[in-house]
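S.K.: Chains as they are written, first to last, in the UniProt record's numbering: chain A, 1 to 460; chain B, 1 to 460. Okay, here's the structure, questions in a sec.
2 protein chains.
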Amino acid sequence: MVISNIDSSLANTLSHRRQRLANLIDFPAILWSGGSSPRNFPANLFPFRPSSHFLYFAGLQLPNVAIRLEAGKLELFMDDPKPSSALWHGEMPNRDEIAQTIGADATKPMSELEFSVEDAATIAVQDAATWTQQSQLLNRWVLPQNPPQGIDLELAKAIVSLRLTHDEGALTELRKAAAVTVAAHKAGMAATPQAKLEAEVRAAMEGVIIAHNMTTSYNSIVTVHGEVLHNEQYHHRLQPGDLLLADVGAETETGWAGDVTRTWPVSGKFSPTQKEIYNLVLAAHDACIAKIRPGVEYGDIHLLAATVIAQGLVDLGIFQGNAEDLVEMDAHALFFPHGIGHLLGLDVHDMEDVGDLAGYEEGRQRSDRFGLSYLRLNRPLRPGMLVTIEPGFYQVPAILNDVNLRAKYENIVNWERLSQFSDVRGIRIEDDVLVTTTGSEVLTAALPNDADTVETLTNS
Amino acid sequence: MVISNIDSSLANTLSHRRQRLANLIDFPAILWSGGSSPRNFPANLFPFRPSSHFLYFAGLQLPNVAIRLEAGKLELFMDDPKPSSALWHGEMPNRDEIAQTIGADATKPMSELEFSVEDAATIAVQDAATWTQQSQLLNRWVLPQNPPQGIDLELAKAIVSLRLTHDEGALTELRKAAAVTVAAHKAGMAATPQAKLEAEVRAAMEGVIIAHNMTTSYNSIVTVHGEVLHNEQYHHRLQPGDLLLADVGAETETGWAGDVTRTWPVSGKFSPTQKEIYNLVLAAHDACIAKIRPGVEYGDIHLLAATVIAQGLVDLGIFQGNAEDLVEMDAHALFFPHGIGHLLGLDVHDMEDVGDLAGYEEGRQRSDRFGLSYLRLNRPLRPGMLVTIEPGFYQVPAILNDVNLRAKYENIVNWERLSQFSDVRGIRIEDDVLVTTTGSEVLTAALPNDADTVETLTNS
Ligand SMILES: [Mn+2]
Ligand SMILES: [Mn+2]
């Protein structure tokens, strides 16, 4: 945590955010930052990552502190570092320095927090030591796996309504995350010709992120088995006919995330079948982005992607039928089984810690339809929202070999024709798209996605 | 977790380990692997790392399973992956395949574990979801922050006695970790001339580790402020007169750790004062390694380092007095305030999760002396132990500006002479040393540590 690198406008940004919160709730909120989680023994810790709700209002990655927000005022509860900690951790900014940086109205030691909890709402953090403390001080269970209740739910809804759209302070950070994410993907493409393992491409990509003093915003996917949607293995050898799918994002020093996927040919050249499907996924991607503007339902963007993919598969002779009908019966989900994207902000699936409160407009619930159940966002778009657009095509054995699904879609899929596309295991193209007042802005547009340029970047 | 990459001798190694455990205890032991810890929301997880005690007997990084060891037999409690998980995570090895790989004598679903807990000892894992389950099933508190009691303490002592010395299976992995750690440090030196930030050197080093499909065994220290002992900041710019201290280690796919520190000049050339101190730290390092053999007290190795450093500082005119007397009064700790090293194995501070049970011979306790309190290992050395040797010299403001310490050592330190060494903020040289039957073997010997070669590697 480095104060010197923090933009001087931080205090203004934070003040504005808590004023907006004060317009929505009439009770105090206490947000804990959380502590580090142990890895294999208590002193060997995973890198500290504070609660995103805390970060939104406090701006800095401060471990083991709390802020109390009421009527637009911020009280910082924090203990000054012990003198002995200077030996191990160096001189850290003290409470008053932090308070000045974030524009706190008052500061107190953590021991006084217990006298300020009355009628306060909170949101559970992820680490056990801190949610235990939250539960004890507030005298009720505050658990990350429980949906918020009562005033905690009211607080969560208020914060969601703020975090759904991004202010300038957030956008400055999100553009930084996007830029480094783009650079990581370019490095991954460039490293592929010399790489023998997936792990080597991952190293080139994460190396860029580490070199910018950022972290990955989620565990990277860098795989020649793109059909495994959450693949976190990196041991496979790269073969000339493989496609490499990389879903890698950078997170800035103050916690804002990027999330991009590209798919490129290991050999530097798509096969004809790979190029057909690649261009189909890209067509879906481009159609979705072209449709983004305020007022459009994100669910309709998802259905648009499904329709473009279904139509493309009809054109390729893989599907038989009419695209709208195919989508109506969820046939697209055989090859595109996930949602078209999600909110992006301080979390890669922004605010997923409070369930679907952020992703789903009040009164809406997840569908249990095969083609819709994984849709993470179902709201009308508004200026300032940042969403991902990430259509894909996958040949997932667990789906395509499922007896029930094969029976259901027996007359729709031309399995013989499909077998000609066996060198297309998984393709996804994902960008980060800001909803503007007139349409959209792709924050990750500096990363080409047309097949020819992707080939060139891989060969360079 | 990839079965195909696992050496076929794994089952034999594991069988031998549990036979040896059976010779030490006459009650069953249940070891849980643990689960992933959440980062900023429940589905965004830190990389999974099982309990090291589990890994020692089960060999594979399996989440959310348990093994029951009794009389040399291993029962594997594990649920087969749900069919739906194949969509997201791909086809994983099933319970029977895992059981064959690790040589399990029986397999059961996790739901049957509750019927096998009678009289069983365990060791707490680090993640809250699992230690909650441990506590519930065993009907007593099993918490990672509590020292083990009763049969749990007996089990911990038995496992410690096994893990204190490494078998061939362990050494094979520890040599792999050492080799990749060495390669990472060479890459860091080579990247320094082009680097502007600490973070860029870190990226080059961790890139090597990631490219080998390994992880870091602890959060890397890569800093021009080596005087901050646990520095985890990487934002400083590299200046020509700086020394860069890098404490970075690789951990293999089955969890075995490397731990190496080198210090090199950013410019590729030590200043005369830097070289004086560097060579002094190296002399302490070499003297300690030369002394390692079975039967030698590790505490005496620490005191040898302290004495070499004290004598060197006398020779340089920084200390006045006799080296033995200076060590007796802890004067060396002004500049060398930590211990000479620690056990290394599946944990970078091996078995530190059970406190000083591993580090301290039964009946011994930590000293509260300024010069000894951070000594992590205090036992006679035995063949098969792997220890680090990591002397250092630091000018820590929190120590050197401490009023009490300055008063205590007023007549010992020539502060004016010391001020001539202001370009030496922190130097450490650390290697991983195996105790052999006749002496020692430095597993990280492939990484040069003499000043000239370090300069050459930095300039290459
Ligand atoms: Mn995404
Ligand atoms: Mn060490």
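The beta carbon of each residue, even a glycine, is placed where N, CA and C say it ideally should be. Predicted model only: the values in this text are computed from it and were never measured.
Measuring CA to CA, which of A:Glu173, A:Ser111, A:Thr252 and A:Leu405 is closest to Ile209 (chain A)?
M.R.: Selected option, being the one with the closest Cα: A:Thr252.
S.K.: Any idea which residues DSSP pairs Asp450 (chain B) with across the strands?
M.R.: DSSP, once it has assigned bridges, lists no residue as partnering Asp450 (chain B).
S.K.: In three-state terms, what does DSSP make of Lys73 (chain B)?
M.R.: Three-state result, Lys73 (chain B): strand.
S.K.: Hey, out of B:Ile221, B:Val180 and B:Val354, whose CA is closest to His236 (chain B)'s CA?
M.R.: Taking only the C-alpha atoms, the option nearest His236 (chain B) is B:Ile221.
S.K.: Quick check: is the beta carbon of Leu164 (chain B) nearer than 8 Å to any beta carbon in chain A?
M.R.: Taking Cβ atoms only, chain A never reaches closer than 8 Å to Leu164 (chain B), which makes this a no.
S.K.: Return the CA-CA distance between Gly258 (chain B) and Ala11 (chain A), expressed in angstroms with no decimal places.
M.R.: Cα to Cα, the separation comes out at about 43 Å.
S.K.: So, are the CB atoms of His349 (chain A) and Arg376 (chain A) less than 8 Å apart?
M.R.: The answer is yes: Cβ separation under 8 Å.
S.K.: Please return the same chain residues whose Cβ sits closer than 7 Å to the Cβ of Met214 (chain B), not counting the five positions on each side in sequence.
M.R.: Answer for Met214 (chain B): Val180, Ala250, Glu251, Thr252 and Glu253, listed in chain order.
S.K.: If you follow the alpha helix (DSSP H) that Lys176 (chain B) is part of, which residue opens it and which one closes it?
M.R.: Run containing Lys176 (chain B): Glu168 to Ala191, per the alpha helix (DSSP H) assignment.
S.K.: Select from B:Ala183, B:Arg382 and B:Asp286 the residue whose C-alpha is nearest the C-alpha of Thr165 (chain B).
M.R.: Selected option, being the one with the closest Cα: B:Arg382.
S.K.: Under a Cβ-count criterion, where at least 16 other Cβ atoms within 10 Å of its own Cβ denotes burial, should Leu24 (chain B) be classed as buried or exposed?
M.R.: So Leu24 (chain B) counts as exposed.
S.K.: Is there a C-beta anywhere in chain A that falls below 8 Å from the one on Gln149 (chain B)?
M.R.: No - not a single Cβ of chain A is within 8 Å of the one on Gln149 (chain B).
S.K.: What runs of the alpha helix (DSSP H), each 4 residues or longer, lie entirely inside the UniProt domain "Aminopeptidase P N-terminal" (9–138) of chain A?
M.R.: For the UniProt domain "Aminopeptidase P N-terminal" (9–138) of chain A, whole alpha helix (DSSP H) runs of length 4 or above, ordered along the chain, are 10–22, 52–58, 85–89, 95–102 and 128–138.
S.K.: Determine, using beta carbons only, whether Tyr56 (chain B) comes closer than 8 Å to chain A.
M.R.: By this cut-off, Tyr56 (chain B) is not an interface position.
S.K.: Under the criterion of a Cβ to heavy atom distance below 7 Å, does Gly258 (chain B) qualify as lining ligand 2?
M.R.: No, the Cβ of Gly258 (chain B) stays beyond 7 Å of every heavy atom of ligand 2.
S.K.: Kindly say whether Phe41 (chain A), judged by its beta-carbon, lies nearer than 8 Å to any beta-carbon of chain B.
M.R.: So yes, Phe41 (chain A) belongs to the interface.
S.K.: Select from A:Leu74, A:Glu297, A:Arg17 and A:Asp325 the residue whose C-alpha is nearest the C-alpha of Tyr56 (chain A).
M.R.: Of A:Leu74, A:Glu297, A:Arg17 and A:Asp325, the residue nearest in Cα terms is A:Arg17.
S.K.: Whole angstroms are fine: how far does the CA of Asp79 (chain B) sit from the CA of Leu31 (chain B)?
M.R.: One C-alpha to the other measures close to 16 Å.
S.K.: Less than 8 Å separating the beta-carbons of Gly226 (chain B) and Ile427 (chain B)?
M.R.: Cβ atoms of Gly226 (chain B) and Ile427 (chain B): closer than 8 Å.
S.K.: Is Ser440 (chain B) helix, strand or coil by DSSP?
M.R.: In this structure, Ser440 (chain B) counts as strand in the three-state DSSP scheme.
S.K.: Identify the contact partners of Tyr234 (chain B) in chain D, using a Cβ-Cβ distance below 7 Å as the criterion.
M.R.: Given the protein chain composition of this structure (A and B), no chain D is represented.
S.K.: Three or more beta-carbon pairs under 8 Å between the segment 145–156 of chain B and the segment 38–48 of chain B, yes or no?
M.R.: Flag = no, the segment 145–156 of chain B and the segment 38–48 of chain B do not touch.
S.K.: Beta carbon of Pro391 (chain B), beta carbon of His285 (chain B): below 8 Å?
M.R.: Yes, the Cβ-Cβ distance between Pro391 (chain B) and His285 (chain B) is below 8 Å.
S.K.: Determine the closest residue to Ala204 (chain B) out of B:Tyr218, B:Asn219 and B:Ala183, with distance taken between C-alpha atoms.
M.R.: For Ala204 (chain B), the nearest C-alpha among the options comes from B:Ala183.
S.K.: Mind listing which residues of the segment 314–337 of chain A have their C-beta closer than 7 Å to chain B's C-betas, in chain order?
M.R.: Per Cβ criterion, the list reads Pro337.
S.K.: Assign Val387 (chain A) to one of three DSSP states: helix, strand, or coil.
M.R.: Val387 (chain A): strand per DSSP, three-state reduction.
S.K.: Pick helix, strand or coil for Ala284 (chain B), following the three-state DSSP scheme.
M.R.: DSSP places Ala284 (chain B) in helix when its eight states are reduced to three.
S.K.: Taking the alpha carbon of Phe319 (chain A) as the reference point, which residue from A:Val413, A:Ala407, A:Tyr298 and A:Ile277 has its own alpha carbon closest?
M.R.: Out of A:Val413, A:Ala407, A:Tyr298 and A:Ile277, A:Val413 has the C-alpha closest to the C-alpha of Phe319 (chain A).
S.K.: Taking DSSP as the reference, what is the three-state secondary structure of Leu326 (chain A)?
M.R.: Helix, per DSSP.
S.K.: Would you give the residue range spanned by the alpha helix (DSSP H) that Leu400 (chain B) belongs to?
M.R.: Segment Pro397 to Leu400, the alpha helix (DSSP H) holding Leu400 (chain B).
S.K.: Which value, in whole angstroms, describes the spacing of the CA atoms of Glu112 (chain B) and Phe77 (chain B)?
M.R.: Computed Cα separation, rounded: 8 Å.
S.K.: Nearest by alpha-carbon distance to Trp88 (chain A): which of B:Thr436, B:Ala451, B:Ala305 and B:Pro397 is it?
M.R.: When only C-alpha atoms are compared, the closest one is B:Pro397.
S.K.: Under 8 Å between C-beta atoms, does residue 461 (chain B) make it to chain A?
M.R.: Residue 461 (chain B) lies beyond the range of chain B shown here (1 to 460); nothing can be said about it.
S.K.: Whose C-alpha, out of A:Ile399, A:Gln134, A:Gly355 and A:Ala451, is nearest the C-alpha of Glu118 (chain A)?
M.R.: Considering only alpha carbons, the answer is A:Gln134.
S.K.: Answer yes or no: does any C-beta atom of chain B fall closer than 8 Å to that of Gln126 (chain A)?
M.R.: Closer than 8 Å: yes.
S.K.: Exposed or buried, which one is Gly317 (chain A) when buried takes at least 16 other CB atoms within 10 Å?
M.R.: Classification for Gly317 (chain A): exposed.
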